[in-house]
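Notes to accompany the following structure.
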Amino acid sequence: MTQLALQIALPVPLRRLFSYLPPENYSVEKLVPGLRVRVPFGKRILTGIFISTTETPDVAWEKLKPVAEVLDEESLFAADVWQLCHWAADYYHYSLGEVLSAALPGLLRKGKNPATAPLTRRASRVDLSHKGRGEMHELNSAQQTAVDAIQKSRGQFQPFLLDGVTGSGKTEVYLNAIEYFLKKDQQVLVLVPEIGLTPQTLQRFRDFFAEKIIAWHSSLTEKERYNAWIAAKTGDAKIMIGTRSAIFTPFKNLGLMIVDEEHDLSYKQQDSFRYHARDLAIMRAHMNHIPIVLGSATPSLESLHNAEQNRYQYLSLPKRAGKAAMPDVQILNICKKPLEQGLSPALLSEIKTHLNNGGQVMLFLNRRGFAPVLMCHECGWMAVCKRCDMRMTYHHHSSTLRCHHCDSQKKLMTHCEGCGEKSLHTIGLGTEQLEQVLANHFPDASVARIDRDSTQRKGSLEKLLDQIQNNEHQILIGTQMLAKGHHFPNVTLVAIIDADGGFFSPDFRALERMGQLLLQVSGRAGRAEKPGKVLIQTHHPDHPLLIQLLREGYKSFADSLLKERQIAFLPPYFFFALFRAEAYHARQAAGFLQQIKNITDVTGKNIRILGPIPALMPKRAGRHRVQLLIQAATRSVLQRFLKDLVPAIESLPGKHRVHWSLDVDPLEIY
Ligand code: ADP
Ligand code: ZN
Ligand code: ZN
């Protein structure tokens, strides 16, 4: 009989499989791909996944160690998830073992055995929160067209781009489309951005459907995660609403996927396994021959481009649903205007009017803390983070200086560290300061601040959102956290305190982001019967793209950006991959990337390599950061190039002195 070794994928960064002998007294025929095994690895015991058998292991037979234990009898991976993981490991050039491990709930990943783990599966209980049929709306014709198109595609691969202005009734379209798939006994996966899954969203689904709906997000306990995973796998739950990693959930009979706010950055994992959940969702829909809906009021340029190429069917909801009208948007030129902590007289007087009329006012400032700069008036010294060479933000409530790049912090000093004088003062405006100014200015109004600092404790965001719904606060101040999907019917005025940041960023995506943010924020105004108004404070009231965005709308703005991208050989017309390296010495990081560059050969390949160059943020947490950008004319050219290159990088000398990573389709080039 031929001798067989087992090929095991392990959760380690090395992009290869590892060979082991079968466990003693175990008949190899029982093995199926997707079982977990426990194996010795160096001094550790790891949980890996069995992939295949081989007659030719890459290590001498006598050196092979046996698998310590086989943990399962059946594969833990649904067929499509298994295929998706392989595709993703290939496409993102990441370790298959890490990808498979990331796709499992923590309990299973750690090698616990679900059958014996202390888990009580609740019998599917009657959902008491279900209030019957919520508020029923008659769909308008644009909504009906969208719902019909989605339902008609049942059982075939068809991506849709649902481009609907804020408040146009996209969620209503999802609900009505989903209903049909549930009737056909299929399940539905709804992906939402990280902070998009509010209790309000869940409640809206629970009001509409009697079926079991499960949520999947980062604050679930491991046991809750495992239960959710089982509920989807067994078909007990009909709908899962989840953030990024829900894309790896097994389903008994998946019929439809929805990616809400598809442009949102949180769909891309920004460290280790850098996958894009929206793109994986498209791939998974393709594998399963099912429809998928990407919805947004401000679609990504990638998706708009795909729609233009007829790869996606374009569905549009051009008007707000029901009685709500689009808000009236005005630019406030603040050049030469006397500003009171960033607030112009015109803005202050509008706030007053709206408060007097009983409306809520929402102010948007994308900078938390009290002030971004602490400076000495005697000598010009500034508080700087030594690990990042960046200025530290002053936080008033905690009386600390904090680096927003590496999270290091220290107590606020009383004297200047440069000259010893006691003349430190702040420059610039953060949300804490804005809160203080407004509280002083409008003593009768209650001010709520929503940012990462004010919502750290579990449940505090929910509490604040509830209070806002109940009109307990009149002035709402927030960072981009407040821009996402929330529905506050009583907000009549939205103001963007500082719109200038997006115009001058070196990131080529900055304008796209700025446009998305402006519209998403504006979309919070006048969502119900009361009309809404939006004020945008800027020093650049004549910026042509800003004017185009406001006069002609997002689509026309996006078309201009797409033309610019095409001329400049940028995504979505060109395909990027980014190597990043970090090291305590800048030379080591740059040297490593130079080695990568040296082993490449781009002649005749339609590939361009840019770098090594310092990242936009050249130092973070004490490490120097350098990058190498690969630009290719087509996706397949890029993929072929990386397929040859990445294995060669793993055997470069000096790789232990740097942290390096590869980001395919990077969203942030810094
Ligand atoms: P979006 O998801 O596009 O922001 P929603 O689905 O949340 O929009 O709808 C915005 C508001 O309009 C909600 O209060 C919703 O109940 C209401 N709505 C949606 N569709 C209709 C309709 N056809 N008729 C009346 N009201 C509607
Ligand atoms: Zn720092
Ligand atoms: Zn000084």
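Note that my numbering has the sequence shown beginning at 472, numbered continuously upward. Virtual Cβ for every residue (Gly too), placed ideally from N, Cα, C.
Run the CB neighbour count on Phe975, radius 10 Å, all protein chains shown included, and call it buried at 16 or more, exposed below. Translated into positions along the sequence shown, residue 975 becomes position 504. Exposed, since its Cβ has fewer than 16 Cβ neighbours within 10 Å.
Applying the criterion that 16 or more other CB atoms from any shown protein chain within 10 Å of the CB defines a buried residue, is Cys856 buried or exposed? Numbered from its first residue, the sequence shown carries residue 856 at position 385. Buried, because 16 or more other Cβ atoms sit within 10 Å of the Cβ of Cys856.
What is the DSSP secondary structure of Gly973, counted as helix, strand or coil? Locating residue 973 in the sequence shown gives position 502, where the first residue counts as 1. Helix, per DSSP.
Between the segment 822-840 and the segment 989-1008, do three or more beta carbon pairs fall short of 8 Å? yes
Three-state secondary structure (DSSP) at Tyr565? In the sequence shown, counting from the first residue as 1, residue 565 sits at position 94. In the structure shown, Tyr565 sits in coil (DSSP, three-state: anything other than H, G, I, E or B).
Take the Cβ of Ser600 as the centre, count every other Cβ of all protein chains shown within 10 Å, and call the residue buried at 16 or more, exposed below. As a working note, residue 600 is residue 129 in the sequence shown. Summary for Ser600: the model assigns pLDDT 46, below 50, so the residue's position carries little reliability, and this model does not support an answer.
Should Ala970 and Thr1009 be called a contact, given that it needs their Cβ atoms to be closer than 8 Å? The residue labelled residue 970 in the question sits at position 499 within the sequence shown. The residue labelled residue 1009 in the question sits at position 538 within the sequence shown. Yes, they are a contact pair.
Met797 - DSSP class collapsed to helix/strand/coil: For the purposes of this step, residue 797 is taken as residue 326 along the sequence shown, with counting starting at 1. Residue state, collapsed to three classes: coil.
In chain order, what residues have a CB nearer than 6 Å to some heavy atom of ligand 3? Cys847, Glu849, Cys850, Trp852, Cys887, Gly889, Cys890 and Glu892
Between which two residues does the beta strand (DSSP E) carrying Lys1004 extend? Position 533 of the sequence shown, counted from the first residue, corresponds to residue 1004. Per DSSP, Lys1004 belongs to the beta strand (DSSP E) from Lys1004 to Thr1009.
Taking the beta strand (DSSP E) that Thr824 belongs to, which residues open and close that run? Residue mapping note: residue 824 aligns to position 353 of the sequence shown, counting from 1. Thr824 -> not in any beta strand (DSSP E); alpha helix (DSSP H) instead, spanning Pro816 to Asn827.
Met758 and Asp551 look like a contact to me (Cβ under 8 Å); what is the Cβ gap, rounded to whole Å? Along the sequence shown, one-based indexing puts residue 758 at 287. Along the sequence shown, one-based indexing puts residue 551 at 80. Confirmed, Cβ separation roughly 5 Å.
Which whole runs of the beta strand (DSSP E) in the segment 478-519 are 3 residues long or more, in chain order? 489-491 and 507-512
The beta strand (DSSP E) spanning Phe1046 covers which residue range? For the purposes of this step, residue 1046 is taken as residue 575 along the sequence shown, with counting starting at 1. It spans Phe1046 to Ala1054 - the beta strand (DSSP E) in which Phe1046 sits, taken as one unbroken run.
Pick out every residue whose C-beta is nearer than 7 Å to a heavy atom of ligand 2: which are they, in chain order? Cys856, Arg858, Cys859, Met861, Cys874, His876, Cys877, Ser879, Arg1091 and Ala1092
Does the count of Cβ pairs from the segment 1095-1109 and the segment 1040-1051 closer than 8 Å reach three? yes
By DSSP, does Val661 sit in helix, in strand, or in coil? For the purposes of this step, residue 661 is taken as the residue at position 190 of the sequence shown. Val661: strand per DSSP, three-state reduction.
Answer with buried or exposed for Ser490, where buried requires no fewer than 16 other C-beta atoms within 10 angstroms of its C-beta. What you label residue 490 is simply residue 19 of the sequence shown in a count that begins at 1. Result: buried.
Within the continuous beta strand (DSSP E) that includes Phe631, where are the two ends? One-based indexing of the sequence shown puts residue 631 at position 160. Run containing Phe631: Gln629 to Gly635, per the beta strand (DSSP E) assignment.
Please state whether DSSP places Leu936 in a helix, a strand or coil. Sequence index remark: in the sequence shown, residue 936 carries index 465 (1-based). DSSP places Leu936 in helix when its eight states are reduced to three.
Rounded C-alpha distance that separates Leu932 from Ser925: By one-based count along the sequence shown, residue 932 stands at place 461. By one-based count along the sequence shown, residue 925 stands at place 454. Cα to Cα, Leu932 sits roughly 8 Å from Ser925.
Relative to the C-alpha of Ser639, which candidate in Ile939, Leu786, Leu1116 and Ala1060 has its C-alpha closest? As a first step, residue 639 must be located in the sequence shown, where it is residue number 168. Residue Leu786 is the option with its Cα nearest to Ser639.
Starting from Asp731 and walking both ways along the beta strand (DSSP E), at which residues does that stretch end? The sequence position of residue 731 within the sequence shown is 260, counting from 1. Segment Leu725 to Asp731, the beta strand (DSSP E) holding Asp731.
For Thr525, which option in Pro493, Arg509 and Gln907 has the closest C-alpha, if you only look at C-alpha atoms? For this step, residue 525 is matched to residue 54 along the sequence shown. Considering only alpha carbons, the answer is Pro493.
When every heavy atom of ligand 4 is checked, does at least one fall within less than 7 Å of the C-beta of Thr637? Judged by which ligands are present, ligand 4 is missing from the structure shown, whose ligands are ligand 1, ligand 2 and ligand 3.
Cβ neighbours of His1190 in the same chain (closer than 8 Å, five flanking residues each side left out): Not covered by the structure: residue 1190. The range shown for the chain is 472 to 1141.
Among residues of its own chain, excluding the 5 on either side of Lys704, which ones have a beta-carbon nearer than 6 Å to its beta-carbon? Indexing the sequence shown from 1 puts residue 704 at position 233. Pro721.
Tell me which same chain residues have a C-beta within less than 8 Å of the C-beta of Ser1122, skipping the five on either side of it? If you number the sequence shown from 1, residue 1122 lands on position 651. Same-chain partners within the cutoff: there are none.
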